[in-house]
Amino acid sequence: MKYFTRLRVRRVYKWRGEPLSFNRKLKTFEYGSLVISVDGLPRTTVINAGQHILIEGEDEDNPYVAKVIRLFGDESGKQKKAVVQWFVRVSEVPLSKLKLLGREPHPQEIFLYQGRSCDDEVNAESILRPVQVKHLDRAAPFPDSGDKDTLFVKLSWDSKTFRELESAAPVASPPPPTPPLPKPSLPPSPPRSPPTAAPAPARRALPTPDPAVMRRAASGEVRGGRATASAGKVGVTEAESLHLASRLSASKCSSARRRKAIARTPGVRKKLQLSSPEATTRQDILDEDRASEMMLAQRLSSSPPLTLRLTHSLTPLRKAGAATTPRAHRLTPLRKAHAAAVTAEDTAVPLEPDSRTPSARDDSTSPQQGDETEAELPTASGRTPRRRNATPRRNSSSSRGQKASTPSRQTEPNQREPGLTVLIEEDNENSPMLSAAAVTPRSSKRKSAQLVSSRIRKQLNLLENLQVLNSDGDDDEDEFVPSKKELQSSSDEEEEEEEGALESDEEEEVLSKKSRRAAAGSCTPRSKRKTTSTSARTPRKTPNKKIPPGTPRTPRHATPSIPSRSLPARRPGNVLEEARARLHVSSVPESLPCREQEFQDVYSFVESKIVDGTGGCMYISGVPGTGKTATVHEVMRCLQHAADVDEIPPFHFIEINGMKMTDPHQAYVQILQNLTGQKATADHAAALLEKRFGSAAPRKETTVLLVDELDLLWTRKQNVMYNLFDWPTRRHARLVVLTIANTMDLPERIMINRVASRLGLTRMSFQPYSFKQLQQIIMSRLNKVKAFEEDALQLVSRKVAALSGDARRCLDICRRATEICEHSPADPFSTGLVGMSHVMEALNEMFSSAYITAIRCASLQEQLFLRAVIAEFRRLGLEEATFQQVFVQHRALCRVEGLQPVSVSEGLAACQRLGACRLLLLEPSRLGVLQRVRLNVSQDDVLFALKDD
Amino acid sequence: MSKRTAKDAHLPVGECVTQVQDILRQRLCHQRLPDKPEGVESQHRHLLELLKRTAIHGESNSVLIVGPRGAGKTMLLKCVLRDLLEDKEAQKSLLQVHLNGLLQTDDRIALKEITRQLHLENVVGDKVFGSFAENLGFLLEALKKGDRSSSRPVLFILDEFDLFAHHKNQTLLYNLFDVSQSAQAPIAVVGITCRLDVLELLEKRVKSRFSHRQIHLLSSLTFTQYLERVRTQLSLPDGFPDSRFAQDWNDGVKTLCGDKSVEEVLQRHYNSSKDVRSLHMLLMLCLSRVSVAKPAIKPADLLEASRLCFADAKANMLHGLSILELCLIIAMKHLNDVYEGEPFNHQMVHNEFKKFLQRKSNSMYNFEQPVILKAFEHLQQLELIRPVDGSSAKTQREYQLMRLMLDHSQIMEALQKYPQCPTDVKQWAMSAFG
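Residue numbers (UniProt numbering), protein chains in the order written: chain C, 1 to 949; chain F, 1 to 434.
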């Protein structure tokens, strides 16, 4: 809390420049950018529309991520607002939903938020700083950068499901015509989608094209941003081609492309022209590659101002495009071209010239290398490289085909090109075109590329084995495992013998690509491709030894599971089996009969709380087996469904059970884990939850917490219960707590006043089922499966209703009755249904006490001992005697019965046996003859059992 | 073939006796399951059906096998498992977890053991297994992830089930039963216990989740069945190498069971206890008396074995006491008679002993006080006497209150058999007043 206030004091937010537009209706001015200056520091941060920013939230370590769509202020200039597109962090997605992801989320992963429950208007004052967000393809691995401030977007999240980013994009409004100047032309009305959707594909760090993007591109939707990016891409190819003899032709081709792009998006032209001189200067700095690499590393690690800095360096578009590093930002600058004018960056400015160097770097280190280090330092996880290795090739053909049709789409494929070519050439060792290799910069580039590819190969190999080792399905493996075919091919590549055939394959593929490329009318690739496909062989033969064998990473949060069976479980075969399956307590009934009223009450309670965005507590009591938990679950299912169809706002549902934790304080841990996926100690979890529920947040969903078996959360100070009931009363908590326990008066009995008071008086009691209800429950479960006689059902229901009203008991008895029916000898008159006799037998089995049978089945001496016990009790007039006393009686009884007198050892043994069955209650046996004996059954029962003999 | 069996039929007697010992010991020491459990056919069928449904249909179940000690609960379960695993399908899918209440004394240990037996610890790799809470969460997660049709069924066998009910909150039982009553991985929980009141031990929530199936093993064995069982237990199987020896042996067993005295002894055993273990104990003693010189069980062997079985442990201990210690015991007996079982101390015993020495003794001499104290302490070490619970350790040893742990009958019996017991001591013991 302190931290926040301090920050607020220190930050000054100012609009920069004149308002871009004025909204008459709302009387708001729209601005292009916002300057954040920090008191006492000369540097300022500029926030532009379209930029990703961090917005302060409840968690200081993980501020909210969003993307600025619009900046506007009111007339007075007092209020500064921003319309943002939210992103959610992994920690903000409810844990239960995280499972939908099907893999371990990357800690730096964020999701495009498409839910509706969050206000997308925020105070500009809550903006902390810009952040770097990279859009990745779904299949792409996460680059492993040490840079904590770079976040990755792969999927969108609409509070229910994860979706591909692109699938969401079309839903949003079509991208606006690309502005010649970044912001002004942004249409004010639906500003959300274009910035999020359009840049996403263009910034893709990995070269896999997205079908959705392609589609959009094909339909001509993608304009300016895309086109400019493509121009940048052209720059990349050009950069490479510069070192070729065919430089001229390359530039020609690129300019041809450019022309095309320009033709479509006139706004871009200026920029492109601007950038062209840069290309020439680039050559001068060829040898600075080393230094630039280091710079690059530095820049990557220094995060926040990065975007802004890049803005400057990007003005020369060509260069920026050529540099592989700032690829992620290639698009942004165009949006805010005028931002180039802003050179206020204190730290960034000195770096400015260097930022150019990365472009030169690719001469010696190859863009491939750059890609590698930047986007996915291969250490991230051993598997990433393989994916990478495999994907481009697969996707290339499709992308290329598309490119042929619409040049604007060249963005993607082009961008991918460097990596692609390198990968391909590895396989085309026997390609005849060796001539170009003579060019020095190229060769160096080749070397590094080889290095990388051999590394990839090596790791691939290792992983191959590893994968076999830990092949039992942990979730995050899927993410990395390429499709089977790819796996096959990539592994095959390792095998020298099969090389020939494969190579021809590859060759074919390359050829087809080439042809497609030719169709697209670009002249670069042809020569380049051939030349690039020269060396490949070496790396494979001299595998790089530097890469340590990847240690098998055991997933940290592996969720274990019972191995699955080889054969699926058999389905029920006949009516009785079917009935038995339906009567099993575990089978989820279609509806919950006989609890309509309770259902309604709970439903309306929770629904109203969710709709109002308030919190509350409810206490539900009832004896075991009266459907408390089932009803609440049913309510939650219905509410979830309602939320799914947008009838009510979405909410989290969390469930904890006092019996399923080892200690009351574990409740905090479990709640936190369900809520955010974090693991913490009980104390820490309590503190985090306290903060979460105690503080306001710009966006928050209602949380519904079910606490089952509440009485087990009792502690001496009752702080767990206190907190659970106190949170809902907080203003911003939006927490609904449903508690379940057995006793009706639990709040009065075990809770101290301040806890009981917070629990409130919203109580509900589930009465034990009446026999009619039980009958109805069975009938509804059976659902027209005719397995029981009417009378039999009634008997069961009446019996259970009289005893406990426990529906579980009722179902168990019915199940047992079907078994008995199944094994009873076929009676010619029987209907094949479960009849009275079967039910009676089942009832007897379950309800009759075994004591009497046990006494009847006991040995003679044991029976005599019991008699002696009763005789001694009668003599003493007490219900307790020592063994010694009973033993005297026992011996006497033996004489009466005409048996040999028993020894003490024998008598003691009989006594102990009876004690083990708990027919007698005994003191510890070390007391020997002095131990006291009591009966555990009534004397009448004993006498009754012994009478018949 | 017939020639060969004929040749084999004449094994040396020593060989045969070794074979007999081998076969019968396996039987009597519970190393081999009987082909068919006797007297519990319906229970066997019930349990087998139940477990089969779990193994094959993936239906979750819970059941308790209840019966007195030695009734054959574990044997029944083992037989069922053996029969169940003959089914290839069940064999392939069924996972077993064996827990024993005497070993897994709390839920933490039990959870670790379950994880180990399910081979789930591989999933966490070399990570040292975390806290109890983590363990529980881990296991529940594992079970929750499964579903009825695709997960392998898990059979939980809880031996000494009643001891699990004493664990804190009955967390393990609640969770096992809860899984068995919800649509998670199919599990069968089989509890084995000898307590008839086991359900009363379960907490109401746990009890509600238990399916209330109990299989009672209460043998209503009659004496003829008992005799028959003795005979089958001792008879040699048909496959015995030396058929003539086997024939002789089986005939011998038959005549043995027909013998009047043997029948009497067996009747006494039958009266005392019907459980199989005590019978096996008796037969084992008989079997160990079989030798090359005497390749058959004779009635005398059985009588001797029976005598050993019924021997009173405490009375046997008295035989090893010195005369002085025996005299002290007798003095204590008299004190018990006089004061009707009230506790006594060393000084009182000593006084009683001195009275005897003054009045009647002609063979006994007085002993020094320390010698008598030493004897007294020895008796305490043998637990023939034990201090009264309440008496504090602070009191001087001479005045610490004690109780005699022997019955009069034991003392008299021991005196009868005590070698060279002085007559006056015997008379003193028999006399009504010290």
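C-beta: ideal position from N, C-alpha, C; glycine also.
Here the alpha carbon of A858 of chain C sits roughly 8 Å from the alpha carbon of K274 of chain F. Between I777 of chain C and P593 of chain C, the gap from beta carbon to beta carbon is short of 8 Å. At a Cβ-Cβ threshold of 8 Å, N62 of chain C and K204 of chain F do not count as neighbours. Think of a sphere of 7 Å around the beta carbon of S905 of chain C: the chain F residues whose beta carbon falls inside it are D312 and A313, in chain order. When rounded, the separation of the alpha-carbon atoms in V755 of chain C and G658 of chain C is 17 Å. Here E598 of chain C is buried, its C-beta having at least 16 other C-beta atoms within 10 Å. Taking 9 Å as the Cβ-Cβ cut-off, the region 848-864 of chain C approaches chain F at S849, A850, Y851, T853, A854, R856, C857, A858, S859, L860, Q861, E862 and L864, given in chain order. The beta-bridge partner set that DSSP reports for M764 of chain C consists of C:I620.
Contact holds between the region 379-386 of chain F and the region 312-329 of chain F, because three or more Cβ pairs, one in each stretch, are under 8 Å apart. For the pair E92 of chain C and A733 of chain C, the Cα-to-Cα distance works out to about 15 Å. Separation of the CB atoms of L11 of chain F and F245 of chain F is rounded to 7 Å, and the pair is thereby assigned contact status at 8 Å. Taking a Cβ-Cβ threshold of 7 Å, the residues of chain C close to K274 of chain F are S859, in chain order.
Looking only at C:R11, C:T44 and C:R70, the smallest Cα-Cα distance to F22 of chain C is reached by C:R70. In this structure P153 of chain F touches G58 of chain F by the C-beta definition: roughly 6 Å separates them, less than 8 Å. Within chain F, not a single residue places a beta-carbon under 9 Å from that of V84 of chain C; the smallest gap is close to 36 Å. Among the residues of chain C, those whose CB is under 7 Å from the CB of F132 of chain F are T662, following chain order. Between D708 of chain C and L746 of chain C, the gap from beta carbon to beta carbon reaches 8 Å or more.
When rounded, the separation of the alpha-carbon atoms in T702 of chain C and E789 of chain C is 48 Å.
By the C-beta criterion, the region 876-883 of chain C is judged to be in contact with the region 933-945 of chain C, since at least 3 inter-stretch pairs fall below 8 Å. In the three-state DSSP reduction, W15 of chain C falls in the strand class (E or B). Of the residues F:H119, F:C79 and F:D83, the one whose Cα lies closest to the Cα of L95 of chain F is F:H119.
Taking a C-beta cut-off of 8 Å against chain C, the contacting residues of the region 181-213 of chain F are Q181, S182, A183, Q184, A185, P186, C194, R195, L196, D197, K204, R205, K207, S208, R209, S211, H212 and R213, listed in chain order.
A check of alpha carbon separations from L866 of chain C across C:E577, C:Y31, C:S37 and C:L943 identifies C:L943 as the nearest.
Contact fails between the region 603-612 of chain C and the region 837-847 of chain C, because fewer than three Cβ pairs, one in each stretch, are under 8 Å apart. Secondary structure of I648 of chain C (DSSP, three-state): coil. Below 8 Å, too few C-beta pairs join the region 97-108 of chain F and the region 246-257 of chain F to call them touching: fewer than three. Neighbours of V265 of chain F in chain C, taken as residues whose beta carbon is under 9 Å from its own, are absent, since the nearest beta carbon is some 10 Å off. For the C-beta of V66 of chain F, the chain C residues within less than 8 Å are, from N- to C-terminus, A850. Among the residues facing chain F, G677 of chain C is not included, as its CB has no counterpart in that chain under 8 Å away. For L705 of chain C, the enclosing beta strand (DSSP E) begins and ends at T702 to D708. The contact set of V588 of chain C on chain F, defined by CB atoms closer than 7 Å, consists of A183 in chain order. E56 of chain C and V122 of chain C have their C-alpha atoms spaced approximately 10 Å apart.
With a 10 Å radius around the Cβ and a threshold of 16 neighbouring Cβ atoms, P141 of chain C comes out buried.
Per the Cβ contact rule, the region 68-82 of chain F is in contact with the region 911-929 of chain C (3 or more Cβ pairs under 8 Å).
With its beta carbon less than 8 Å from one in chain C, D407 of chain F belongs to the interface.
Contact check for L919 of chain C against I855 of chain C passes: the beta carbons are separated by less than 8 Å.
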